[in-house]
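Numbering (our numbering), first residue to last: 1264 to 1519.
For each residue, glycine too, the CB sits at the ideal point set by N, CA and C.
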């Protein structure tokens, strides 16, 4: 190739590289300017009620973009939100009232600072809905730990204060006198493949057993290892079927 032709080729090649570099630099700048987000978990403790969330103020159809938030069930794709920050308006519609023209069961203004982790517990009944909002300071784990961090929240409207203990331990061993909408602190427990914990929820005054929640290490260890969870006491006093008192867990980190 003649020198003049090669020079033109090299110049053209250099120009293409410069153009590509500029495009990549612009894309990097755009990416770095995208706002950071916050983490929000929504847990539904209203027995027998399924809700559809709307964080778009009615701009997107609920059936197309919203996934149901079911009573006592937690799924990563349904209950975890991480694309929002700042002041957010959250509407939650009860199925089958699932159009923007229907009145939402909840219409909330949430402050979600960038980098924050929050949990919204939906409580009460469909006739008298209620909430507990928690800005989280989650416990940290060292790499070699084999622990699970648990705390408890009382979300059974009308129910007496409760106590919590491990089976075989005295009443109130973990908590004694947890009132409605009250949240305990986190406490860690060692977990191994042979670990088995049965947590008993009792009437704090009479000691009467209301319900239990079981942890069996051989089945649950990999999912619970070095993670924080809230155990929700839900249902209605004297309820049966879907309204019976029960306990379910809320993971504070997304999982499968």
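Handout entry: For residue 1342, the first and last residue of its enclosing alpha helix (DSSP H)
Key = For residue 1342, the enclosing alpha helix (DSSP H) has its first and last residue at 1339-1342.
Problem - Every unbroken alpha helix (DSSP H) inside the stretch 1443-1503 [4 residues or more] - result: The stretch 1443-1503 is shown to contain whole alpha helix (DSSP H) runs of 4 or more residues at 1480-1487, in chain order.
Practice task
Grab the span of the beta strand (DSSP E) containing residue 1417 for me, first residue to last.
Solution key: Per DSSP, the unbroken beta strand (DSSP E) holding residue 1417 starts and ends at 1410-1417.
Problem - Whole-number beta carbon distance between residue 1335 and residue 1511, since they are thought to touch under 8 Å - result: Cβ-Cβ separation between residue 1511 and residue 1335: approximately 4 Å, consistent with a contact (criterion under 8 Å).
Problem - Classification of residue 1342 by the beta-carbon crowding that lies within 10 angstroms, buried from 16 upward - result: Residue environment analysis places residue 1342 among the buried positions, since at least 16 neighbouring C-beta atoms fall within 10 angstroms of its C-beta.
Exercise for the section: Have a look at residue 1389 and residue 1315 and give me their C-alpha separation to the nearest angstrom. Expected result: Between the C-alpha atoms of residue 1389 and residue 1315 there is a straight-line separation of about 14 Å.
Practice task
May I ask you to list the residues that DSSP assigns as paired with residue 1315?
Solution key: Residue pairing by DSSP places residue 1315 opposite 1356 in a beta bridge.
Problem - Residues bridged to residue 1368 [DSSP beta-bridge criterion] - result: For residue 1368, which the question treats as bridged, DSSP gives no partner whatsoever.
Practice task
Starting from residue 1384, follow the beta strand (DSSP E) in both directions and report where the run begins and ends.
Solution key: Here the beta strand (DSSP E) through residue 1384 covers 1380-1387.
Exercise for the section: Report yes if the CB atom of residue 1392 is closer than 8 Å to the CB atom of residue 1337, and no otherwise. Expected result: For residue 1392 and residue 1337, no; Cβs fall outside 8 Å.
Problem - Beta-bridge partners of residue 1426, as assigned by DSSP - result: Under the DSSP definition of a beta bridge, residue 1426 partners with 1439 and 1465.
Practice task
Please determine, among 1375, 1419 and 1351, the residue with the shortest C-alpha to C-alpha distance to residue 1317.
Solution key: Cα-wise, what sits closest to residue 1317 is 1351.
Exercise for the section: Would you tell me roughly how many angstroms separate the C-alpha atoms of residue 1405 and residue 1367, rounded to the nearest one? Expected result: When the Cα atoms are used, residue 1405 and residue 1367 turn out to be separated by approximately 43 Å.
Exercise for the section: Check whether the Cβ of residue 1466 lies closer than 7 Å to any heavy atom of the ligand ADP, and answer yes or no. Expected result: You won't find the ligand ADP in this model; it holds no ligand whatsoever.
Problem - Closest by C-alpha distance to residue 1489, when choosing among 1409, 1467 and 1470 - result: Of the candidates 1409, 1467 and 1470, the one whose C-alpha sits nearest the C-alpha of residue 1489 is 1409.
Handout entry: Cα-Cα separation between residue 1449 and residue 1356, rounded to whole angstroms
Key = One C-alpha to the other measures close to 32 Å.
Exercise for the section: Determine contact between the stretch 1461-1471 and the stretch 1429-1438, defined as no fewer than three beta-carbon pairs at a distance below 8 Å. Expected result: With a cut-off of 8 Å, the stretch 1429-1438 and the stretch 1461-1471 count as touching, because enough Cβ pairs lie within range.
Problem - Nearest candidate by alpha-carbon position, reference residue 1474, set 1398, 1421, 1446 and 1508 - result: Nearest option by C-alpha distance: 1508.
Handout entry: Rounded separation between residue 1516 and residue 1400 - CA only
Key = Cα-Cα distance, rounded: 13 Å.
Handout entry: residue 1347 - DSSP class collapsed to helix/strand/coil
Key = Three-state result, residue 1347: strand.
Exercise for the section: Under the assumption that residue 1301 contacts residue 1376 (Cβ atoms under 8 Å), give the Cβ distance between them as a whole number of angstroms. Expected result: Rounded, the Cβ-Cβ distance is 6 Å, consistent with contact.
Exercise for the section: Grab me the residues of residue 1471's own chain with a C-beta within less than 8 Å of its C-beta, minus the 5 sequence neighbours each way, in chain order. Expected result: Take residue 1471, set aside five residues on each side of it, and the residues of its chain with a beta-carbon closer than 8 Å to its own are 1465, in chain order.
Handout entry: Top-ranked residue by Cα proximity to residue 1420, from 1442, 1411, 1347 and 1373
Key = The residue with the shortest Cα to Cα distance from residue 1420 is 1442.
Exercise for the section: Give the DSSP-derived three-state secondary structure of residue 1377 in the structure shown. Expected result: Coil, per DSSP.
Practice task
Could you please give me the residues that DSSP links to residue 1401 through a beta bridge?
Solution key: Its beta-bridge partners do not exist; DSSP assigns none.
Problem - Close-in-space but distant-in-sequence residues of the same chain around residue 1296 (CB under 6 Å, 5 per side omitted) - result: Residue confidence for residue 1296 is low, a pLDDT of 28 falling below 50, so the modelled location carries little weight; the figure read from the coordinates is stated next. Contacts found: none.
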